[in-house]
Amino acid sequence: MAIALFGTGLLGGAIASRLLEGDQELWVWNRTPERCQPLIQAGARSASTPQEVAGQADWLITVLSDGPSTKALLLEELDQQLAGRCVIQMATIAPEQSQALAAEVEARGGRYLEAPVLGSKPEALVGRLQLMAGGQPEVFAAAAPILNQLSEAPRRLGAVGSAMACKLALNQLIASLTHAFSLSLHLVQNSGVEVESFMEILRGSALYAPTFDKKLERELQGDYGNPNFPTAHLRKDLALFREASQATGLNSEGLEGLLRLLQRATGAGLDGLDYCALHALTAGHGAAPEPQ
Numbered sequence: 001m002a003i004a005l006f007g008t009g010l011l012g013g014a015i016a017s018r019l020l021e022g023d024q025e026l027w028v029w030n031r032t033p034e035r036c037q038p039l040i041q042a043g044a045r046s047a048s049t050p051q052e053v054a055g056q057a058d059w060l061i062t063v064l065s066d067g068p069s070t071k072a073l074l075l076e077e078l079d080q081q082l083a084g085r086c087v088i089q090m091a092t093i094a095p096e097q098s099q100a101l102a103a104e105v106e107a108r109g110g111r112y113l114e115a116p117v118l119g120s121k122p123e124a125l126v127g128r129l130q131l132m133a134g135g136q137p138e139v140f141a142a143a144a145p146i147l148n149q150l151s152e153a154p155r156r157l158g159a160v161g162s163a164m165a166c167k168l169a170l171n172q173l174i175a176s177l178t179h180a181f182s183l184s185l186h187l188v189q190n191s192g193v194e195v196e197s198f199m200e201i202l203r204g205s206a207l208y209a210p211t212f213d214k215k216l217e218r219e220l221q222g223d224y225g226n227p228n229f230p231t232a233h234l235r236k237d238l239a240l241f242r243e244a245s246q247a248t249g250l251n252s253e254g255l256e257g258l259l260r261l262l263q264r265a266t267g268a269g270l271d272g273l274d275y276c277a278l279h280a281l282t283a284g285h286g287a288a289p290e291p292q
C-alpha cells in the first residue's frame, strides 16, 4: 500500500511519523519543503511537486490547514490525478465544504473519506487519535489498514459531513471549556483563594473536566509555547461551528463574544501559541484592540 501525505505540520508530520512505522511506502509533500526533511530522514520519500507525489500512490491523505487550501490542492493541482485514487481528508473543515469536495473527487473518478481526529501530535505518534469518519461504508472498510494505524477504534459516523459536524462540535467544547475555566481561575486568583483549594472542590464535582488540569500549569505559568493545537486553529474551528450551527437553525449568538475575544489573539501575538493562551486574553493582558 503506497500512501501520499500532503501537509506535514504539527498533526500531519506526526501522522506521517506513525505511518512510517507500518509497512506502507510513504510519500510526503509540503509547500515548505524543509518541513519534510525529518520525515525523509526517517524513511519517507518526496518529490518537488504534489503531482509527482500523488503519482506514486493510490491513497492520498490531506492534512492541510483549512478548506480553501485543501480544495486548491485536490481540485486545481491534482485534478484528474484523482481518478482511481482514494482521498482521506483529515483537516477540520465545514461539513458543506467536505460534501462539495467529495462530489468533485467522485466526479473525477476518485473516492473520498473525511477523517478528522480528536487529539494531536502526542496521540498521533502512538496511534491513539480518536478518529471519526464520514463516507461510504466500502471506502471506510478499504481504508481500515491506514486508519487502524492512527486510531485504536476508528468509527464511521455516517455520510460525508457527519464526521466534520462531530469534530466541530467537539472543538466548540474545547473553546468554551477553556474560556469558562480561564475566567473562573482568574477570579479565584484575584480574590485571594488558593488555586489548589479551588481545584480540589472542582475535581470533586460534576463540573470537572480533565482538560482543566491538563492546562492548569501552563495557564498559571503563562507558558503557551510548543503548541499541539494553536490558538489560530481554535478560532477558525469555532467560526466554522458557528456557521454550521446557524445553517441548521440553532441560536449560537452566545459564542459571538468568545469569537471576538479570539480575534484579538492575532494582534496580541498569540495565534501560533497553544490555544490555552486564551487565558492571557481573559486577563486583559497583551490583548490588541478589538478588530474593526
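Going by my numbering, the first residue of the sequence shown is number 1, and it counts up by one from there.
All C-beta atoms in this analysis are idealised placements derived from N, C-alpha and C, irrespective of residue type, glycine included.
Note that the structure is predicted; figures quoted are calculated from it, not measured.
Problem - Beta-bridge partners of Q99, as assigned by DSSP - result: Q99 is not bridged to any residue.
Exercise for the section: Compare the C-alpha of N171 against each of A153, K236, K121 and name the closest. Expected result: K236
Handout entry: N-terminal and C-terminal residue of the beta strand (DSSP E) that Q130 is part of
Key = 130-134
Handout entry: Endpoints, alpha helix (DSSP H) assigned at G12
Key = 10-19
Exercise for the section: Give every residue of the same chain whose Cβ lies closer than 7 Å to the Cβ of G109, excluding the five residues on either side of it in the sequence, and list them in chain order. Expected result: L82, A83, G84
Handout entry: Reduced DSSP category for I174 - H, G, I as helix; E, B as strand; rest coil
Key = helix
Problem - Stretch pair the region 124-139 + the region 176-194: three plus CB contacts closer than 8 Å - result: no
Exercise for the section: For P50, count neighbouring C-beta atoms within 10 Å of its own C-beta (all shown protein chains included) and say buried if the count is 16 or more, exposed if not. Expected result: buried
Problem - As assigned by DSSP and simplified to three states, the class of R45 - result: strand
Problem - Test item: CB-CB of I88 and A143 under 8 Å - result: yes
Handout entry: Sufficient close CB pairs (3 or more, under 8 Å) joining the region 208-221 to the region 236-245
Key = no
Problem - Helix, strand or coil at D274 [DSSP, three-state] - result: strand
Problem - With 16 other Cβ atoms within 10 Å as the buried cut-off, status of Y224 - result: buried
Practice task
Enumerate, from N- to C-terminal direction, the unbroken alpha helix (DSSP H) stretches of 4 or more residues contained entirely within the region 191-230.
Solution key: 195-203, 210-221
Problem - Residues near L5 in its chain [Cβ-Cβ closer than 6 Å; skip 5 each side] - result: A16, V28, I61
Exercise for the section: Name the two residues that bound the continuous alpha helix (DSSP H) containing I146. Expected result: 144-150
Exercise for the section: Check whether the Cβ atoms of N228 and S120 lie closer than 8 Å to each other. Expected result: yes
Handout entry: Cα-Cα separation between R111 and A244, rounded to whole angstroms
Key = 24 Å
Exercise for the section: Measure the alpha-carbon distance for L259 versus D23 and round it to whole angstroms. Expected result: 43 Å
Practice task
My understanding is that A2 touches E25, with C-beta atoms under 8 Å, so please give their C-beta distance in whole angstroms.
Solution key: 4 Å
Exercise for the section: Would you mind reading off the limits of the alpha helix (DSSP H) that contains A265? Expected result: 256-267
Problem - Distance between G13 and L39 (C-alpha atoms, nearest Å) - result: 8 Å
Exercise for the section: Could you tell me the boundaries of the beta strand (DSSP E) in which A2 lies? Expected result: 2-6
Problem - Alpha carbon of R35 to alpha carbon of L168, nearest angstrom - result: 27 Å
Exercise for the section: Evaluate S205 with the Cβ neighbour count: other Cβ atoms within 10 Å of its Cβ, from every protein chain shown; 16 or more gives buried, anything less gives exposed. Expected result: exposed
Problem - Residue burial classification, N226 (beta-carbon count within 10 angstroms, cutoff 16) - result: exposed
Handout entry: Three-way DSSP call (helix, strand, coil) for L74 in this model
Key = helix
Problem - Between the CA atoms of L75 and E104 - distance to the nearest angstrom - result: 7 Å
Exercise for the section: With a 10 Å radius around its C-beta and 16 neighbouring C-beta atoms as the bar for buried, classify D274 as buried or exposed. Expected result: buried
Handout entry: Whole-angstrom distance between V193 and S162, CA atom to CA atom
Key = 44 Å
Handout entry: alpha helix (DSSP H) segment containing Q51, residue limits
Key = 50-54
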